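Structure, as structure tokens:
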Amino acid sequence: MTTAPNRDTPVTTPPLILRLAATTGELAAVYALRREVFAQEQGMPDGGAVDQSDTHSLHLMALRGTCLVATGRLTLDWGPLSQAQIAWVATLASARHQGIGTALVRNLLALAAEANAPAVLLSAQVHAQSFYAALGFTPYGEPFSVHGIVHQHMAWTPEL
45 MTTAPNRDTP
55 VTTPPLILRL
65 AATTGELAAV
75 YALRREVFAQ
85 EQGMPDGGAV
95 DQSDTHSLHL
105 MALRGTCLVA
115 TGRLTLDWGP
125 LSQAQIAWVA
135 TLASARHQGI
145 GTALVRNLLA
155 LAAEANAPAV
165 LLSAQVHAQS
175 FYAALGFTPY
185 GEPFSVHGIV
195 HQHMAWTPEL
């Protein structure tokens, strides 16, 4: 017979741990989370697929205990002006609206600033544009579509 949980005992959530993926197993988990969010949830045909930038990028993981709940990629020295690029920011549906994405992106921006990136660029899905704007990103250019999902280029410049 099982005992009902004591209602006076608080349920504790493991602390959020942010760290870079360091092993092939961790990278596999990052890619699996990207596929879950972008391919399965959003229906993007190649959503979250490994691409040529993955091998020379930093992959930040957000973990609750041992569970990967969010990830984002930072590519340094990206493009002709050696800027940085954030891509593939993904959070499990069950972990959204808890500040995890904000912590993840702030840490990616700190890594870019430490690397003296002159700016950080990203392509935000328009539903997430206000999220990135709250973190200091500004839109530029015209919106564009990727697999039927409208995106907006955005840029962040570190404070001098």
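Taking my numbering, the leading residue of the sequence shown gets 45, the next gets one more, and so forth.
No residue lacks a Cβ here, since even glycine has one placed at the ideal position from N, Cα and C.
Everything numeric in this text was worked out from a predicted model, so none of it was measured.
**Asked** Ser167 bridges to which residues according to DSSP?
**Response** Paired residues: His197.
**Message:** Just to confirm before moving on: does the CB-CB distance between Ala114 and Thr135 stay below 9 Å?
**Reply:** Yes, these two residues count as a Cβ contact at 9 Å.
**Asked** Per DSSP, what kind of secondary structure is Ala114 in: helix, strand or coil?
**Response** It is a strand residue.
**Asked** If you scan the region 138–191 from start to end, which runs of the alpha helix (DSSP H) of 4 or more residues do you find wholly inside it?
**Response** Taken in chain order, the whole alpha helix (DSSP H) runs of length 4 or more contained in the region 138–191 are 144–158 and 173–178.
**Request:** For Thr119, count neighbouring Cβ atoms within 10 angstroms of its own Cβ and tell me buried if that reaches 16, exposed if not.
**Result:** Buried, since its Cβ has 16 or more Cβ neighbours within 10 Å.
**Request:** Indicate the three-state DSSP secondary structure (helix, strand or coil) for Asp98 in the structure shown.
**Result:** It is helical.
**Item:** Other residues of its chain near Phe188: CB distance less than 6 Å, five sequence neighbours each side excluded
**Value:** His195, listed in sequence order.
**Message:** Taking the beta carbon of His103 as the centre, do at least 16 other beta carbons fall within 10 Å, making it buried, or is it exposed?
**Reply:** Buried: at least 16 other Cβ atoms inside 10 Å.
**Message:** Assess contact between the region 126–141 and the region 64–81, defined as three or more Cβ pairs (one per stretch) separated by less than 8 Å. Is contact present?
**Reply:** Touching, per the Cβ criterion.
**Item:** Straight-line gap, Gln84 to Leu125 (C-alpha atoms, nearest Å)
**Value:** Across the structure, Gln84 and Leu125 are spaced so that their CA atoms are roughly 34 Å apart.
**Message:** Can you list, in chain order, the residues of its chain with a C-beta nearer than 7 Å to that of His11? Leave out the 5 residues immediately preceding and following it.
**Reply:** As displayed, the chain neither begins before 45 nor continues past 204, which places residue 11 out of reach and without an answer.
**Asked** Expressed to the nearest angstrom, what Euclidean distance is found between the alpha-carbon atoms of Ala128 and Trp122?
**Response** Straight-line Cα distance between these residues: approximately 5 Å.
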